[in-house]
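Data block below; observations after.
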Amino acid sequence: MSLPAYNFAYLDEQTKRMIRRAVLKAIAIPGYQVPFASREMPMPYGWGTGGVQVTAAVIGPDDVLKVIDQGADDTTNAVSIRKFFAKTAGVKTTTATREATIIQTRHRIPETPLHVGQVLVYQVPIPEPLRFLEPRETETRRMHALTEYGLMHVKLYEDIARHGHIATTYAYPVKVDGRYVMDPSPTPKFDNPKMDQCPALQLFGAGREKRIYAIPPYTSVVSLDFEDFPFERYRHPGTCALCGATDTFLDEIVTDDAGGRMFVCSDTDYCETRRAAHSPPPLAGEGQGGGSAAGAAQEASPSLPLPSKRGREEQDLKAAEHD
Amino acid sequence: MSAAGKPLLTADNISKRYGRQVGCRDVSLTLHEGEVLAVVGESGSGKTTLLKLLSRQLAIDSGRLNYRMRDGAVRDLATMGDAEHRFLFRTDWGYVHQDAAQGLRMSVSAGANVGERLMALGARHYGTIRTTATDWLERVEIPAVRIDDTPVTYSGGMRQRLQIARNLVTSPRLVFMDEPTGGLDVTVQARLLDLIRGLVADLGLSAVIVTHDLAVARLLSHRIMVMKDGEVIETGLTDQVLDDPREPYTQLLASSILPV
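One line per chain: the protein sequences are Z and Y, in this order. With numbering that gives the first Met the number 0, the residue at position 132 of the first sequence is 131, and numbering never jumps. With numbering that gives the first Met the number 0, the residue at position 114 of the second sequence is 113, and numbering never jumps.
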């Protein structure tokens, strides 16, 4: 059985050039949504077709790719995309944030600070921050052109009027480089401050909506707010049950049907690195006791990083030795 | 007070065609500060087209349209850029639609509806925006407790009053109204007219009111323009035109008011 002959990174060269032109324009105008001729990809819309196309256009044979989905390296979407590029581009893949040169992400920014030379590629479902208040595309484009962003604050006003605080917790609108208001894709607002003055290049691809936008390295990214209701980060007030971190974004995991639950880092790589560095891992199960809670959690979520995954741990140990 | 003598809005022979159909032909008018002009005529006479031309929502085919800005400079509306026109529209002008659903954001609360213009102008203090919104709701006789309800839950009369509050919050100098009392029952109409008359007098607003209801014109306006087939056929002081119409068509119009 002969394998189908793909071009490097699946897309043909003309398509990649087209996408690169859009990416360059997006970098030149931070936060501006550049239309591009999005292609059909061998995956459904909503699974990261925009991100995959951007990654395919910027990846080279020497790149090291990391793919995360909600912070986890081992969920279906992340594994599939990583394998997709391992197969079509033959590139090295990793789960370690520090080693990667390109990180494709769905809904999270890694906890480990990014460094110069890295590219963070976001998968974006709806690129237009004004969409839910103004359904007309012609009108939203005009509003961007004329910097008419009063509507964005109408949304935040509504939040405060209804909930007493700004209840938007993800896809929290930001102003990029003092000009364009941008949707940071559905990342939790906990991650918003990480976008500001980030040393890495951030690219956003929306496949279905056919838009690419970007934040160049070291660009100001300000979350919108009111003077008397300033922007606040939000995380579950808890401790990671696996690594004991108190400053990371946590996932809540239900461990049984009797109210048992635990909080774990959403960033699996960060969590595993910490556990590897501070072995033995601290047990901090909140439910029926650490052991049973962790066992149930393993069933509930295959993405949960657990000590059983030896191979991964050894990899991270090696990564930790690098420092 | 040299500016006070100059007109706010001047239209000079403005025309608009829709293909072969005439929308408006050679309409000229001047509007001074604090003056209310009613445009009356039957359906299809070009009233709404004229209002859209004056507010530059439609481009004029020929003629001149000038507006005196707040700084006193007279500007040609036809050549004004989009950004400036939109700015004018949300600061110095108001536009009250017949159907309040077109002029309001139906899915956000009344407070946000009133506050939208303020936020567009850069207000970034929630408390201040809310206080201003509450004040305005009270001025248009909407109970302050309804501030967090969406206009969907409002009655027709309340929606119309909310629309007026939303427009007046930036203290515009000129308000365009397209059948502001259309579709309301008579008692609600009377209250609304009373409110508009009070606000116009208090704030010294100029207004162009399009209506087919001569009673509305008589109650609100200083001057009146009668339109037929896209042309102005008679113009003058409201009482004078309605009590002593000169043109046959105006006579017909004035005599068509049903006596109660």
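We put the beta carbon where it would ideally sit given N, CA and C, even for glycine.
In the pairwise beta carbon analysis, the stretch 134-141 of chain Y is classified as touching the stretch 157-173 of chain Y: at least three pairs are separated by under 8 Å.
With fewer than 16 other Cβ atoms from the protein chains shown falling within 10 Å of its own Cβ, residue 6(Z) counts as exposed. Judged by DSSP secondary structure, residue 159(Z) falls within the alpha helix (DSSP H) whose first and last residues are 149-162. The stretch 163-180 of chain Z and the stretch 10-17 of chain Z do not touch, with fewer than three beta-carbon pairs separated by less than 8 Å. Here the stretch 100-120 of chain Y does not lie against the stretch 197-208 of chain Y, with fewer than 3 beta-carbon pairs under 8 Å apart.
With respect to residue 140(Z), residue 188(Z) sits apart: the two C-beta atoms are not nearer than 8 Å. Bridge pairing for residue 179(Z): 175(Z) [DSSP].
The count of Cβ pairs closer than 8 Å, one atom from the stretch 107-115 of chain Y and one from the stretch 171-186 of chain Z, stays below three, leaving the stretches out of contact. When the Cα atoms are used, residue 157(Y) and residue 8(Z) turn out to be separated by approximately 60 Å. In chain order, 30, 128, 129, 143, 148, 151, 172, 173, 174, 223 place their CB closer than 8 Å to the CB of residue 180(Z), counting only its own chain and leaving out the 5 sequence neighbours on each side. In this structure residue 240(Z) is in contact with residue 263(Z), their Cβ atoms being roughly 6 Å apart against a cut-off of 8 Å. Proximity of residue 137(Y) to chain Z, defined by a Cβ-Cβ separation below 8 Å, is not satisfied. Residue contact check for residue 21(Y) against chain Z: no CB pair falls below 8 Å.
The alpha carbon of residue 48(Y) has as its nearest neighbour, out of 201(Y), 108(Y), 210(Y), the alpha carbon of 210(Y). Among the residues of the stretch 119-131 of chain Y, those with a Cβ less than 7 Å away from any Cβ of chain Z are 119, 123, 124, 125, 126, 128, in the order of the chain.
Closest option to residue 24(Y), judged by alpha-carbon separation, among 89(Y), 174(Y), 130(Y), 232(Y): 232(Y). Distance from the CA atom of residue 63(Z) to the CA atom of residue 257(Z), rounded to whole angstroms, is 43 Å.
Positions of the alpha helix (DSSP H) runs, each at least 4 residues long and wholly inside the stretch 32-80 of chain Y, are given as 46-53 in order along the chain.
Residue 230(Z) has a beta carbon lying at 8 Å or more from every beta carbon in chain Y. Secondary structure of residue 203(Z) (DSSP, three-state): strand.
Distances from the CA of residue 227(Z) to each of 52(Y), 128(Y), 74(Y) were compared; the closest alpha carbon is that of 128(Y).
Put simply, of 11(Y), 99(Y), 18(Y), 32(Y) the residue whose alpha carbon is nearest the alpha carbon of residue 76(Y) is 11(Y). Put simply, of 53(Z), 163(Z), 191(Z) the residue whose alpha carbon is nearest the alpha carbon of residue 26(Z) is 53(Z). At a cut-off of 8 Å between C-beta atoms, residue 60(Y) does not count as an interface residue with respect to chain Z. Under the criterion of beta carbons closer than 8 Å, residue 240(Y) and residue 179(Y) do not qualify as touching, at roughly 20 Å. Within chain Y, no residue has its beta carbon less than 7 Å from that of residue 28(Z); the closest one is some 18 Å off.
Contact annotation: residue 266(Z) and residue 109(Z) have beta-carbon atoms nearer than 8 Å. Inter-residue distance for residue 203(Y) and residue 173(Y) is about 9 Å (C-alpha atoms, whole angstroms).
Within the stretch 133-187 of chain Y, the complete alpha helix (DSSP H) segments of 4 residues or longer fall at 155-167, listed in chain order. Nearest to residue 189(Y) by alpha-carbon distance, out of 164(Y), 219(Y), 207(Y), 40(Y), is 219(Y).
In the DSSP assignment, residue 34(Z) is bridged to 210(Z). Annotation for residue 113(Y): the continuous alpha helix (DSSP H) segment containing it runs 109-119. With 16 or more other CB atoms across the displayed protein chains lying within 10 angstroms of its CB, residue 50(Z) is buried.
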